[in-house]
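K.L.:
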Amino acid sequence: MTSEEATLQKIDLPIQGMSCVACANRIERGLSQVKGVEKASVNFASQKATLHLNPKVAQTRDLVQTVQDLGYHVQTETVTIPIQGMSCAPCVDKIQRSLIRQEGVVSASVNLALESATVEFIPQMLDVQDLARVIQSVGYEPRLPTEPSALSALGGGEDRLAKEEHEQAQAFRRLKRKVLFSGVLTLLIFLVGYPHMLGLPHVLPLSIQTSFWLQFLLATPVQFWAGWQFYRGTWATARHGSSDMNTLIAVGTSAAYLYSLVATFAPSLFAAHDLEPAVYYETSAAIITLILLGRMLEAQAKGQTSQAIKRLMKLQARTARVIRNGQEKDILLMNVIAGDLVIVRPGEKIPVDGQVMEGNSTVDESMVTG
Numbered sequence: 002m003t004s005e006e007a008t009l010q011k012i013d014l015p016i017q018g019m020s021c022v023a024c025a026n027r028i029e030r031g032l033s034q035v036k037g038v039e040k041a042s043v044n045f046a047s048q049k050a051t052l053h054l055n056p057k058v059a060q061t062r063d064l065v066q067t068v069q070d071l072g073y074h075v076q077t078e079t080v081t082i083p084i085q086g087m088s089c090a091p092c093v094d095k096i097q098r099s100l101i102r103q104e105g106v107v108s109a110s111v112n113l114a115l116e117s118a119t120v121e122f123i124p125q126m127l128d129v130q131d132l133a134r135v136i137q138s139v140g141y142e143p144r145l146p147t148e149p150s151a152l153s154a155l156g157g158g159e160d161r162l163a164k165e166e167h168e169q170a171q172a173f174r175r176l177k178r179k180v181l182f183s184g185v186l187t188l189l190i191f192l193v194g195y196p197h198m199l200g201l202p203h204v205l206p207l208s209i210q211t212s213f214w215l216q217f218l219l220a221t222p223v224q225f226w227a228g229w230q231f232y233r234g235t236w237a238t239a240r241h242g243s244s245d246m247n248t249l250i251a252v253g254t255s256a257a258y259l260y261s262l263v264a265t266f267a268p269s270l271f272a273a274h275d276l277e278p279a280v281y282y283e284t285s286a287a288i289i290t291l292i293l294l295g296r297m298l299e300a301q302a303k304g305q306t307s308q309a310i311k312r313l314m315k316l317q318a319r320t321a322r323v324i325r326n327g328q329e330k331d332i333l334l335m336n337v338i339a340g341d342l343v344i345v346r347p348g349e350k351i352p353v354d355g356q357v358m359e360g361n362s363t364v365d366e367s368m369v370t371g
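Residue numbers for the sequence shown follow the working numbering, so the first one is 2 and each next one is one higher.
What follows is the structure, given as structure tokens:
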């Protein structure tokens, strides 16, 4: 076996819409021309394409697009997975790239504001649990329901948005408690060590060493309780050989805190080098407090976004009335296909985009224009 053959991977791609052997031959020729595909074989009886390809070159989305361009269909599913731990744009990019590289994933879109990933994938090649493991492998935490029936509901809807809204409200309350707690302690640190920065006189007759001790006692809860999420995020990404904004915050505040710790408990080390010991507890505490404040405001904005989306979804029709085989029938919105003749009666919501074939009316466009 050559090294090139050793890198090849075999996958089965389920295909819908084939009606004859000629269809299979046409798809086989098309897939054979995709970059990275060494061999393609399409079986009309099993409705599958067996491919030998280089997974580093041939992407699932290219294979699916090729089949669709030929007039056939690869059955896919779309799920939205809530993700915990994202804090910046690089987090989004990291998760998105990891998902897209996964065999069986057609497309992936990660939304930082909604803290979720929307993934289109081929269910015969992987499932939601596989996608969750990909997200975990880059240091983030997917929040999947434990009940199998609930896993199938990850595709979206008001229930999912309501759950996300509840979780965002809880996150906002946790951050608010931490901001208030760390904010009060940070102000006390300034009051003990730097009252002049607050425009106050030195009202507390404290020695330098006593001031250091008090600042240490006030700063430690801020560092390791209010700021614990930064250490947790740093460890999660460090285990996978990467870093993010949490790493920068944890390293920066820890440097100030540890330096101050040495100045507090071992001032003789500074005296040995003719240096005046100084502490920077207020620096680490203030940084943590301000970043938590920013994240609290961000969580509040996310909650408002979820509420706006939920209100928009309530304006969306759930069913459509179509004419099929000469009869009117109500069907789910997802079952409407191109070419259906949809009936919209006065006062009803317009379920899908389309062209007016008969009649006229006026439309409330507030869902679009606000």
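From the three backbone atoms N, C-alpha and C, an ideal C-beta is built for every residue, glycine too.
In this structure, does DSSP put residue 387 in helix, strand or coil?
P.N.:
Lying outside 2 to 371, the shown extent of the chain, residue 387 is not represented and no answer is given.
K.L.:
Buried or exposed, going by whether 16 or more other CB atoms sit within 10 Å of the CB of residue 150?
P.N.:
Unreliable positioning characterises residue 150 in this predicted model, as indicated by a pLDDT of 45, which lies under 50. A coordinate reading is not provided.
K.L.:
Tell me the DSSP secondary structure of residue 53 in three-state form.
P.N.:
In this structure, residue 53 counts as strand in the three-state DSSP scheme.
K.L.:
Does the Cβ-Cβ distance between residue 182 and residue 297 come in under 8 Å?
P.N.:
No. Outside cutoff.
K.L.:
Within 10 angstroms of its Cβ, does residue 247 collect 16 or more other Cβ (buried), or is it exposed?
P.N.:
By the neighbour-count rule (16 or more Cβ atoms within 10 Å), residue 247 is buried.
K.L.:
In angstroms, rounded to a whole number, what distance separates the CA positions of residue 105 and residue 45?
P.N.:
Each residue's Cα considered, the two are about 21 Å apart.
K.L.:
Below 8 Å, how does it come out for the segment 278 to 291 and the segment 218 to 236: are there three or more Cβ pairs, yes or no?
P.N.:
The answer is yes - the segment 218 to 236 touches the segment 278 to 291, with three or more Cβ pairs under 8 Å.
K.L.:
Would you report the Cα separation of residue 193 and residue 294, rounded to the nearest angstrom?
P.N.:
Roughly 23 Å separates the two Cα atoms.
K.L.:
Could you spell out where the beta strand (DSSP E) holding residue 83 opens and where it closes?
P.N.:
78 to 85 is the span of the beta strand (DSSP E), which, as asked, contains residue 83.
K.L.:
Identify the residues that DSSP records as bridge partners of residue 330: which are they?
P.N.:
The partner list for residue 330 (beta bridge, DSSP) reads 323.
K.L.:
Going along the chain, which unbroken runs of the alpha helix (DSSP H) with 4 or more residues stay wholly within the segment 97 to 133?
P.N.:
Runs of the alpha helix (DSSP H) inside the segment 97 to 133: none found.
K.L.:
Going by the CB atoms, is the gap between residue 135 and residue 111 shorter than 8 Å?
P.N.:
Not closer than 8 Å, so no.
K.L.:
Spell out a yes or no on whether the segment 74 to 85 and the segment 8 to 27 are touching, meaning 3 or more CB-CB pairs, one atom from each, closer than 8 Å.
P.N.:
At 8 Å Cβ cutoff, the stretches touch.
K.L.:
Taking Cβ positions, are residue 103 and residue 64 nearer each other than 8 Å?
P.N.:
It is not a contact, given that the beta carbons lie outside the stated cut-off.
K.L.:
List the whole-angstrom C-beta distance separating residue 187 from residue 283, where the pair is believed to meet the contact cut-off of C-beta under 8 Å.
P.N.:
7 Å between Cβ atoms; contact.
K.L.:
Count the other C-beta atoms from every protein chain shown that fall within 10 angstroms of the C-beta of residue 118, then say buried if there are 16 or more, exposed otherwise.
P.N.:
Buried, by the Cβ-count rule.
K.L.:
From residue 177 to residue 311, what distance separates their C-alpha atoms?
P.N.:
Going by the C-alpha atoms only, they are around 24 Å apart.
K.L.:
Could you tell me which of 142, 60 and 62 sits nearest to residue 88, measuring between CA atoms?
P.N.:
Taking only the C-alpha atoms, the option nearest residue 88 is 142.
K.L.:
Less than 8 Å between C-beta atoms, sequence neighbours within five positions excluded: which residues of the same chain meet that for residue 59?
P.N.:
Contacts found: 35, 36, 37, 38 and 52.
K.L.:
Use the C-beta contact count for residue 153: other C-beta atoms within 10 angstroms, 16 or more gives buried, fewer gives exposed.
P.N.:
Because the pLDDT at residue 153 is just 46, under 50, the model does not fix this residue reliably, and the value given afterwards should be weighed accordingly. Looking at its Cβ environment, which holds fewer than 16 other Cβ atoms inside 10 Å, residue 153 is exposed.
K.L.:
What does DSSP give as the partner residues of residue 17 in its beta bridges?
P.N.:
Paired residues: 74.
K.L.:
Grab me the residues of residue 305's own chain with a C-beta within less than 6 Å of its C-beta, minus the 5 sequence neighbours each way, in chain order.
P.N.:
If we look at residue 305 and ignore the five residues flanking it on each side, it has no Cβ neighbours.
K.L.:
I'd like the span of the alpha helix (DSSP H) that includes residue 59, first residue to last.
P.N.:
Careful: residue 59 lies outside any alpha helix (DSSP H) and carries neither H nor E.
K.L.:
Would you report the Cα separation of residue 234 and residue 259, rounded to the nearest angstrom?
P.N.:
Whole-angstrom Cα-Cα distance: 19 Å.
K.L.:
What whole-angstrom Cβ distance do residue 337 and residue 323 have, given they're in contact under 8 Å?
P.N.:
At roughly 7 Å, the Cβ-Cβ gap stays under 8 Å, so residue 337 and residue 323 are in contact.
K.L.:
Taking only the alpha-carbon atoms, compute the straight-line gap between residue 185 and residue 224 and give it to the nearest angstrom.
P.N.:
Roughly 13 Å between the two C-alpha positions.
K.L.:
Could you pull out every residue in the same chain whose Cβ sits closer than 6 Å to the Cβ of residue 215, ignoring the five residues on either side in sequence?
P.N.:
Closer than 6 Å at the Cβ level, and outside the excluded window around residue 215, lie 193.
K.L.:
Can you tell me whether residue 212 is helix, strand or coil according to DSSP?
P.N.:
In the structure shown, residue 212 sits in a helix (DSSP, three-state: H, G or I).
K.L.:
Can you say whether residue 270 is buried or exposed, counting buried as having 16 or more other CB atoms within 10 angstroms of its CB?
P.N.:
Classification of residue 270: exposed, given that the 10 Å Cβ count is below 16.
K.L.:
Taking DSSP as the reference, what is the three-state secondary structure of residue 310?
P.N.:
Helix at residue 310.
K.L.:
Would you call the CB atoms of residue 100 and residue 54 closer than 8 Å?
P.N.:
Their beta carbons are not under 8 Å apart, which means residue 100 does not touch residue 54 by this criterion.
K.L.:
So, with DSSP's three-state summary, where would you put residue 42?
P.N.:
Note: residue 42 maps to strand in three-state DSSP.
K.L.:
If you run the structure through DSSP and keep just helix, strand and coil, what is residue 344?
P.N.:
Reduced to three states, the DSSP call for residue 344 is strand.
K.L.:
What is the DSSP secondary structure of residue 142, reduced to helix, strand or coil?
P.N.:
Strand.
K.L.:
Using the Cβ count rule (16 or more neighbours within 10 Å means buried), how would you classify residue 245?
P.N.:
Looking at its Cβ environment, which holds 16 or more other Cβ atoms inside 10 Å, residue 245 is buried.
K.L.:
Please tell me whether residue 120 and residue 82 are closer than 8 Å, where the distance is taken between their beta carbons.
P.N.:
Against a cut-off of 8 Å, the Cβ pair of residue 82 and residue 120 comes out as a contact.
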